[in-house]
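Participant:
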Amino acid sequence: MRAISGRYIAFAMCVAVLVAGLLLQPSGTAGRGVTLAAFLLTALGIRDMLQPHHSVQRNYPVIGHIRWLIETIRPEIRQYLLEDDNEALPFSRSQRSLVYRRAKGVSSEHPFGTIMDVYADDYEFIQHSMRPVAVPDPAGFRITIGNDQCAQPYSASILNISAMSFGSLSANAILALNKGAAMGNFYHDTGEGSISPYHREGGGDIVWEVASGYFGCRTPGGCFDPDKFAAQAVSPQVKMVEIKLSQGAKPGHGGILPAAKVTPEIAATRGVPLGQDCISPASHSAFSTPLEMMDFITQLRRLSGGKPIGFKLCVGHPWEFMAIVKAMLKTGVVPDFIVVDGGEGGTGAAPMEFSDHVGTPMREGLLFVHNTLVGAGLRDRIRIGVAGRLISAFDIAAVLAIGADWANSARGFMFALGCIQSLSCNTNKCPTGVATQDPGRQRALVVPDKATRVHQFHDHTVSALADMLAAAGISHPDELQPHHVAQRVDSNRVRGLDQLHQFLKPGELIDRSCAFTFYKSNWDRASADSFGQVIDMSQPNRMADMPETIGRAAE
1 MRAISGRYIA FAMCVAVLVA GLLLQPSGTA GRGVTLAAFL LTALGIRDML
51 QPHHSVQRNY PVIGHIRWLI ETIRPEIRQY LLEDDNEALP FSRSQRSLVY
101 RRAKGVSSEH PFGTIMDVYA DDYEFIQHSM RPVAVPDPAG FRITIGNDQC
151 AQPYSASILN ISAMSFGSLS ANAILALNKG AAMGNFYHDT GEGSISPYHR
201 EGGGDIVWEV ASGYFGCRTP GGCFDPDKFA AQAVSPQVKM VEIKLSQGAK
251 PGHGGILPAA KVTPEIAATR GVPLGQDCIS PASHSAFSTP LEMMDFITQL
301 RRLSGGKPIG FKLCVGHPWE FMAIVKAMLK TGVVPDFIVV DGGEGGTGAA
351 PMEFSDHVGT PMREGLLFVH NTLVGAGLRD RIRIGVAGRL ISAFDIAAVL
401 AIGADWANSA RGFMFALGCI QSLSCNTNKC PTGVATQDPG RQRALVVPDK
451 ATRVHQFHDH TVSALADMLA AAGISHPDEL QPHHVAQRVD SNRVRGLDQL
501 HQFLKPGELI DRSCAFTFYK SNWDRASADS FGQVIDMSQP NRMADMPETI
551 GRAAE
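Anchor point for the sequence shown: position 17 equals 17 in UniProt numbering, and the numbering is continuous, going up by one each time.
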């Protein structure tokens, strides 16, 4: 009985105050306010006891709401008061602070030494030279994308804005990003939501991402429309076209933008009906085999006037990517670039299981793609971009050292726009106006100011990369090699990335001289005719070798 009375004591007190107020009928404003508050809380308590959905509120009327209040503000309390500077959830305070300072043009110098534990496992550092060179001009940190099959090669910056769609981001965010890209001479990936008026208004270089929904180039039934594609792809502002096979946030998973969120602007941009769900299928309808994918690449090249055509993927079954490479060899069709998206996730909201447990992490995916192209003799014709939680100049240097040609960042540029990592991207209630379609919230993002910050974040990060390269004794990012970066294996051992990872030699998959079981077995499983695996029952299953052979070598 005492336990029962304890659960209801808050509700009983509200009732008592209400009864006292009704009997005494206080004349002052304060007294009437207390009576009104008691009435509202009593009504809330009655509702709590009668509602069938929340057990805590039924057992603890009125006071049970404190739990929901604490749950609501828990992320903010943790982020601002409790988390360590290097605790990444998913980005640490140190990482966010670095972006904010660079975006604002404030010095990012750090006093009194590092706060990182340099003796912790997996700590990484770039090895400097006793003969550093003069700091190179970061304006020269560009990479030409486009092989011998491309009529309009593109000179891309070493750091660019990764794929984020209009619809996921606000109009003001898209406009500020694109204006910043124009100011800094780097590109802005549209994401699968197609090219919006805000991309065009900004005037910055665009990489148009064509995904399974074919937004901006679709028939009424949702299939690829060549004429609509050509009409947009020939625009001088569109520098490259990227076929999206999968994304790090939710690889292998389609998506639905509910009809309620399909605004007239989004409907017009994507070419979808207003008032209906906007569906992104899990796979493409324009091709279903690696050979058909090569035909699709050829078609896009022709329709775009010979612009660079590539594709983006988060690595999944290794034989599927190898099947694409075999299709390249069989047809002679070679894409100009591949962007490897890491399974670390991205700006898109996704089911937790997909964010946490689906998709190969960025570095393992990059190593696999790089090695496969080298082993197939195609690496010198295909550029590799990479995306996956890249923020600092060192982040960029580390991925360039193991095979990437350039880096893309999505959340880094979101922080430059003012994102505070409130983790409310999927609620339409972004407090900074970045990831919302609410006009009232969008106005918080002032485009000219944020465009300047986007530009400055890029400029200062690339400049920091120039400083690091000079310290290492090299003058251009393409000189970075695995031995330039070292990683602590444990408290007593440090290894260069050239010692930690396995790297294939040119052509050794083709001439079958590859000594690594993982690559050999998956190459044998791959077929240009299908994304399915070809299984030779006479050979043992070697898929258990993946963790050590795709990434870190066995000790």
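Just so you know, even glycine gets a beta-carbon here, dropped at the ideal spot from N, CA and C. The structure displayed is predicted, hence computed values, not measured ones.
(1) Is the region 280-292 in contact with the region 371-391, if contact means three or more CB pairs nearer than 8 Å?
(2) So, with DSSP's three-state summary, where would you put arginine 443?
(3) Taking the alpha carbon of threonine 42 as the point to measure from, which residue in Ala30, Ile420 and Tyr60 has its own alpha carbon closest?
(4) Over the uninterrupted beta strand (DSSP E) stretch that includes lysine 244, give me the two end residues.
(5) Would you decide whether proline 290 is buried or exposed? Buried here means 16 or more other CB atoms lie within 10 Å of its CB.
(6) By a C-beta neighbour count over all protein chains shown, 10 Å radius and 16 as the cutoff for buried, is histidine 128 buried or exposed?
(7) Hey, is the region 424-440 in contact with the region 507-522, meaning 3+ C-beta pairs nearer than 8 Å?
(8) Quick one: what's got a C-beta closer than 8 Å to glycine 203's C-beta in the same chain, skipping five residues either side?
(9) Under the DSSP definition of a beta bridge, which residues are partnered with histidine 188?
(10) Counting only the same chain and skipping the five closest in sequence on each side, list residues whose C-beta sits under 8 Å from that of tryptophan 68.
(11) What is the DSSP secondary structure of glutamine 481, reduced to helix, strand or coil?
(12) Report the partner residues of alanine 139 according to the DSSP bridge assignment.
(13) Candidates Pro90, Trp208 and Val62: which alpha carbon is nearest phenylalanine 39's?
(14) Can you tell me whether DSSP reads valine 334 as helix, strand or coil?
(15) Could you tell me how far apart the beta carbons of alanine 528 and alanine 259 are, in whole angstroms, since I believe they sit closer than 8 Å?
(16) Who does asparagine 408 pair with in a DSSP beta bridge?
(17) Measure the C-alpha to C-alpha separation of isoleucine 206 and valine 34 and round it to an integer number of angstroms.
(18) Could you check whether glycine 388 and aspartate 341 sit closer than 8 Å to each other, using their CB atoms as the reference points?
(19) Identify, in the order they occur along the chain, each residue of the same chain with its Cβ nearer than 6 Å to the Cβ of glycine 305, setting aside the five sequence neighbours on each side.
(20) So, proline 308 versus proline 153, is the Cβ gap smaller than 8 Å?
(21) Excluding the 5 residues preceding and the 5 following leucine 423 in the sequence, name in chain order all residues of the same chain whose CB lies nearer than 7 Å to its CB.
(22) If you pair each beta-carbon of the region 493-502 with each one of the region 209-228, do three or more pairs fall below 8 Å?
(23) Can you say whether histidine 483 is buried or exposed, counting buried as having 16 or more other CB atoms within 10 angstroms of its CB?
(24) Rounded to the nearest angstrom, what separates isoleucine 195 and proline 111 at their Cα positions?
(25) Starting from phenylalanine 311, follow the beta strand (DSSP E) in both directions and report where the run begins and ends.
(26) Just to confirm, is the Cβ distance from valine 210 to isoleucine 243 under 8 Å?
(27) State buried or exposed for arginine 552, treating a residue as buried only when at least 16 other CB atoms are found within 10 Å of its CB.
(28) Distance check for serine 27 and phenylalanine 11, CA to CA, integer angstroms please.
(29) How would you call threonine 29, buried or exposed, if buried means at least 16 neighbouring beta carbons within 10 angstroms?
(30) For the 8 Å Cβ check, are there 3 or more pairs between the region 455-475 and the region 383-401?
(31) With a cut-off of 8 Å on the beta carbons, I'd call threonine 269 and phenylalanine 166 a contact; round off their distance for me.
(32) According to DSSP, is isoleucine 174 helix, strand or coil?
(33) Rounding to the nearest angstrom, what Cα-Cα distance links asparagine 228 and lysine 520 in this structure?
(34) So, for arginine 96: in the same chain, excluding its five sequence neighbours on each side, which residues have a beta-carbon less than 7 Å away from its beta-carbon?
(35) Please work out which residues of its chain come closer than 7 Å, Cβ to Cβ, to glycine 473, disregarding the five sequence neighbours upstream and downstream, and give them in chain order.
(36) Which value, in whole angstroms, describes the spacing of the CA atoms of methionine 543 and phenylalanine 518?
Facilitator: Looking at the atomic coordinates:
(1) Note that the region 280-292 does not touch the region 371-391; fewer than 3 beta-carbon pairs, one per stretch, sit closer than 8 Å.
(2) For arginine 443, the three-state secondary structure derived from DSSP is coil.
(3) When C-alpha distances from threonine 42 are compared across Ala30, Ile420 and Tyr60, the shortest belongs to Tyr60.
(4) It spans 238-244 - the beta strand (DSSP E) in which lysine 244 sits, taken as one unbroken run.
(5) Proline 290 should be labelled buried.
(6) Note on histidine 128: under 16 other CB atoms within 10 angstroms of its CB, so exposed under the neighbour-count rule.
(7) Counting C-beta pairs with one atom in each stretch, the region 424-440 and the region 507-522 have fewer than three that are closer than 8 Å, which means they do not touch.
(8) These residues qualify, in order along the chain: Asn178, Lys179, Ala182 and Gln237.
(9) In the DSSP assignment, histidine 188 is bridged to Ile161 and Ile206.
(10) Once the five neighbours on either side are set aside, tryptophan 68 has no close Cβ partner at all.
(11) Here glutamine 481 sits in coil by DSSP.
(12) Bridge partners of alanine 139: none, in fact.
(13) It is Val62 whose Cα lies nearest to the Cα of phenylalanine 39.
(14) Under the three-state reduction of DSSP, valine 334 is assigned to coil, being neither helix nor strand.
(15) Rounded, the Cβ-Cβ distance is 40 Å, inconsistent with contact.
(16) BP columns for asparagine 408 point to Asn160 and Ala387.
(17) Taking the straight line joining both Cα atoms gives about 59 Å.
(18) Result yes, Cβ atoms of aspartate 341 and glycine 388 sit closer than 8 Å.
(19) Only residues of its own chain outside the window of five on either side were considered, and among them Val234 have a CB closer than 6 Å to the CB of glycine 305, listed in chain order.
(20) Taking 8 Å as the Cβ cut-off, proline 308 and proline 153 qualify as a contacting pair.
(21) If we look at leucine 423 and ignore the five residues flanking it on each side, its Cβ neighbours are Pro75.
(22) Because the criterion of three Cβ pairs below 8 Å is not met, the region 493-502 and the region 209-228 do not touch.
(23) By the 10 Å Cβ count, histidine 483 comes out exposed.
(24) Taken atom to atom, the span from the alpha-carbon of isoleucine 195 to that of proline 111 is near 43 Å.
(25) It spans 309-313 - the beta strand (DSSP E) in which phenylalanine 311 sits, taken as one unbroken run.
(26) Yes, these two residues count as a Cβ contact at 8 Å.
(27) With a pLDDT of only 45 at arginine 552, under the threshold of 50, the placement of this residue in the model should not be trusted; the figure read from the coordinates follows. Per the 10 Å Cβ criterion, buried.
(28) Rounded to whole angstroms, the separation of the alpha carbons of serine 27 and phenylalanine 11 is 25 Å.
(29) Burial call: exposed.
(30) Yes, the region 455-475 is in contact with the region 383-401.
(31) Distance from threonine 269 to phenylalanine 166 at the Cβ level is roughly 6 Å; contact confirmed, criterion being Cβ atoms closer than 8 Å.
(32) In this structure, isoleucine 174 counts as helix in the three-state DSSP scheme.
(33) Just to set this straight, residue 228 is lysine in the shown sequence, not asparagine. Taking the straight line from one Cα to the other gives about 42 Å.
(34) So the qualifying residues of the chain are Phe415 and Gln421.
(35) Result list for glycine 473: Ser129, Arg131, Pro132 and Val133, in chain order.
(36) Residue placement at methionine 543 cannot be trusted, given a pLDDT of 48 that sits under 50; the coordinates are not used to answer.
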